[in-house]
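**Student:** Right, I'll just put the structure down here and ask away after.
Numbering (our numbering), first residue to last: 94 to 243.
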């Protein structure tokens with residue numbers, strides 16, 4: 094059986110694709126949630142990725158392995174300038190469109206995979222701190238399909 098995963102290569106390729114998008118200029122795009130100095134507009138990979146693997150052809154010796162996983166990704170906007178929840182939602186939705194478009198334009202973001210696609214999202218919105226600030230966040234799932242070869 095072959096070993097390994099495409100996960101780190103996919104994460105790097107997606108970050109590079111997002112960093113190159115003019116519509117994300119000024120947006121903090123990170124491998125993980127920034128521990129210091131979280132920007133008002135930020136994107137990063139979530140913490141837990143689940144995978145399923147299978148062997149497409151059973152034979153003696155080293156095998157190909159099909160890998161499918163749901164990669165979590167966060168798109169977040171924090172407004173501290175007095176604008177309301179709708180403004181936060183509109184900006185977060187615009188950032189989500191950029192993310193969706195990056196995958197749509199190149200679903201095979203790295204040669205290591207067969208494809209990556211938006212698998213769905215959940216949305217969170219609400220006040221921050223003393224209530225004068227607003228936040229909007231999309232927790233996105235990216236479905237990735239790959240075949241690992243010996």
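Here a beta-carbon is modelled for each residue, glycine too, at the ideal position from N, C-alpha and C.
Because the structure is a prediction, the values reported are computed rather than measured.
Note the first and the last residue of the continuous alpha helix (DSSP H) segment covering residue 191.
**Tutor:** Position 98 of the chain shown holds residue 191. From DSSP, the alpha helix (DSSP H) with residue 191 extends over 178–198.
**Student:** To the nearest angstrom, how far is the alpha carbon of residue 188 from that of residue 147?
**Tutor:** For the purposes of this step, residue 188 is taken as the residue at position 95 of the chain shown. For the purposes of this step, residue 147 is taken as the residue at position 54 of the chain shown. Roughly 34 angstroms between the two C-alpha positions.
**Student:** Do residue 241 and residue 160 come within 8 angstroms of each other at the CB atom, strictly closer than that value?
**Tutor:** Residue 160 sits at position 67 when you count from the first residue of the chain shown. Residue 241 sits at position 148 when you count from the first residue of the chain shown. Taking 8 angstroms as the Cβ cut-off, residue 160 and residue 241 qualify as a contacting pair.
**Student:** As a quick exercise: from 177, 204 and 179, pick the residue whose alpha carbon is nearest that of residue 103.
**Tutor:** Along the chain shown, one-based indexing puts residue 103 at 10. The residue with the shortest Cα to Cα distance from residue 103 is 204.
**Student:** Measure the alpha-carbon distance for residue 186 versus residue 163 and round it to whole angstroms.
**Tutor:** Working through the chain shown from its first residue, we reach residue 186 at position 93. Working through the chain shown from its first residue, we reach residue 163 at position 70. C-alpha separation (whole angstroms): 21 angstroms.
**Student:** Output the distance between the C-alpha atoms of residue 182 and residue 220, rounded to the nearest integer angstrom.
**Tutor:** Reading the chain shown from its first residue, position 89 is the one you call residue 182. Reading the chain shown from its first residue, position 127 is the one you call residue 220. About 12 angstroms.
**Student:** For residue 216, list the residues DSSP reports as bridge partners.
**Tutor:** Reading the chain shown from its first residue, position 123 is the one you call residue 216. Beta-bridge pairing links residue 216 to 231.
**Student:** Between the alpha carbons of residue 172 and residue 133, how many angstroms are there, rounded?
**Tutor:** Sequence index remark: in the chain shown, residue 172 carries index 79 (1-based). Sequence index remark: in the chain shown, residue 133 carries index 40 (1-based). One C-alpha to the other measures close to 6 angstroms.
**Student:** If you compare alpha carbons, which of 107, 158 and 115 is closest to residue 123?
**Tutor:** What you label residue 123 is simply residue 30 of the chain shown in a count that begins at 1. With distances taken between Cα atoms, residue 123 lies closest to 107.
**Student:** Which word fits residue 128, buried or exposed, when buried means at least 16 other C-beta atoms lie within 10 angstroms of its C-beta?
**Tutor:** Numbered from its first residue, the chain shown carries residue 128 at position 35. It is exposed - the Cβ of residue 128 has fewer than 16 other Cβ atoms within 10 Å.
**Student:** Please name the residue in 200, 101 and 193 whose C-alpha comes closest to that of residue 142.
**Tutor:** Numbered from 1 along the chain shown, position 49 holds the residue referred to as residue 142. Closest by alpha carbon: 101.
**Student:** Could you pull out every residue in the same chain whose Cβ sits closer than 6 angstroms to the Cβ of residue 178, ignoring the five residues on either side in sequence?
**Tutor:** Translated into the one-based positions of the chain shown, residue 178 becomes position 85. 218 and 227.
**Student:** Run through DSSP, which three-state label would residue 114 get?
**Tutor:** Indexing the chain shown from 1 puts residue 114 at position 21. Coil at residue 114, not helix or strand.
**Student:** For the beta strand (DSSP E) containing residue 124, list its first residue and its last residue.
**Tutor:** For the purposes of this step, residue 124 is taken as residue 31 along the chain shown, with counting starting at 1. Looking at the DSSP string, residue 124 is not in any beta strand (DSSP E), and its letter there is neither H nor E.
**Student:** Report the rounded CA-to-CA distance for residue 120 versus residue 174, giving the unit in angstroms.
**Tutor:** By 1-based counting over the chain shown, the position of residue 120 is 27. By 1-based counting over the chain shown, the position of residue 174 is 81. Cα-Cα distance, rounded: 17 angstroms.
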